[in-house]
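Position one of the sequence shown corresponds to residue 296 (this note's numbering), numbered consecutively onward. Cβ atoms here follow ideal geometry from the backbone N, Cα and C, with glycine treated the same way.
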Amino acid sequence: MKRVRKFPPPNAFFFSDKYKKVSQLSADLTAQTDELIAEYDHALCKVKREASKYKEHVADLQGIVDAEAEKSAEASKTIAELQAEIADLKGKNVELNADRDFLSKELKKEQTWLRGARNRALRGWKATTEKCQVRVEKANKYRSEVDAQRIPFLEINQLTGILSFCERYALKGDAVSPSVIDELERRKADSEARFKALPVTELEPDDTRVTPFRDDLYPDIDQVVGFEVPAGLDMFGSNSKTISDRASF
296 MKRVRKFPPP NAFFFSDKYK KVSQLSADLT AQTDELIAEY DHALCKVKRE
346 ASKYKEHVAD LQGIVDAEAE KSAEASKTIA ELQAEIADLK GKNVELNADR
396 DFLSKELKKE QTWLRGARNR ALRGWKATTE KCQVRVEKAN KYRSEVDAQR
446 IPFLEINQLT GILSFCERYA LKGDAVSPSV IDELERRKAD SEARFKALPV
496 TELEPDDTRV TPFRDDLYPD IDQVVGFEVP AGLDMFGSNS KTISDRASF
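The following block contains the structure:
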């Protein structure tokens, strides 16, 4: 028995709504294909029933002809008419059989083509979904790694700003304790070391494309946000936890 690969639930995808829509379209395509095949089967059964009905009619007429021939020679005219009708019905029966055979062949061709088209479409969507999922996972990993760098990055900028403030403060004649300067520089060096030690996945240009849709349909959807300082934070501003004696030293 062929094992079917299990996909994660739709909500696990990066753009779950789009993938749900794609899955619905695939299900609709399969349902419409099965409905068309059922219509062909219904038409073929109808032709078979008509052919069977004509065959039974021919047998009944043949029985009448035989009975009339045995009863009397006076029925010759009726027999001739019935034989003509039988011949006509036999001709129609041949035509119906030919139509049935042709329809059967065409139906098999249509079924084969439709099944192939459906399978190709499903394979294509499966491959596309797998590729997009890989890109989404890589992009999520990149964002997680960048998020991990935010804290040491902001600490570096905060401490750089504080040291710059201390230098300007010293130029005005108000010296800052050397121990405070040393501690700030030590903490800055520690933050820089932690920032450099954190790995960041390198993204290729195509890795930022996280959907199977064309760019002209969704121009703003294929964007992975890079590293930015959160709104409302001053890179070089003060931080109470950094400059407080009780919190810092």
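Short of 8 Å from the beta carbon of R489, and not among the five residues preceding or following it, lie these beta carbons of its own chain, in chain order: P447. For G411, the three-state secondary structure derived from DSSP is helix.
Under the three-pair Cβ rule at 8 Å, the region 413–429 does not count as touching the region 473–493. For Y349 against L377, the beta-carbon gap comes to about 15 Å, at or over 8 Å, which does not count as contact. With contacts defined as CB atoms closer than 8 Å, L409 and L339 fail to qualify as a contacting pair. Here N452 is buried, its C-beta having at least 16 other C-beta atoms within 10 Å. With contacts defined as CB atoms closer than 8 Å, V495 and E450 fail to qualify as a contacting pair. Exclusion of the five residues before and after Q444 leaves F490, L493, V495, F522 as the residues of its chain whose Cβ lies within less than 8 Å of its Cβ. Taking 8 Å as the cut-off, the Cβ atoms of S347 and W420 do not count as close. Counted as a single uninterrupted DSSP element, the alpha helix (DSSP H) harbouring E487 occupies residues 473–492.
Rounded to whole angstroms, the gap between the alpha carbons of A375 and F397 is 33 Å.
Taking the CA atoms as reference points, K343 sits about 13 Å from K387.
The beta carbon of L324 lies closer than 8 Å to those of R413, A416 in the same chain, with the five residues before and after it left out. Excluding residues up to 5 positions away in sequence, L409, R413 lie with their Cβ nearer than 7 Å to the Cβ of T328 in the same chain. Separation of I381 and S399 (C-alpha to C-alpha, rounded to the nearest whole angstrom) is 26 Å.
Comparing alpha carbon positions, the residue from A333, E478, Y335 closest to L454 is E478. By a beta-carbon distance limit of 8 Å, V475 does not contact Y464. Their separation comes to about 11 Å. Under the three-state reduction of DSSP output, A393 falls in the helix class. The C-alpha of R481 lies about 22 Å from the C-alpha of L466. DSSP, reduced to helix, strand and coil, places L320 within a helical segment of the structure shown. When the Cα atoms are used, K313 and A393 turn out to be separated by approximately 48 Å.
Rounded to the nearest whole angstrom, the C-alpha separation of N435 and R395 is 58 Å.
In the three-state scheme derived from DSSP, where H, G and I count as helix and E and B as strand, L498 is classed as coil. The C-alpha of E390 lies about 12 Å from the C-alpha of E345.
Within 10 angstroms of the beta-carbon of K404 lie fewer than 16 other beta-carbons, which makes it exposed.
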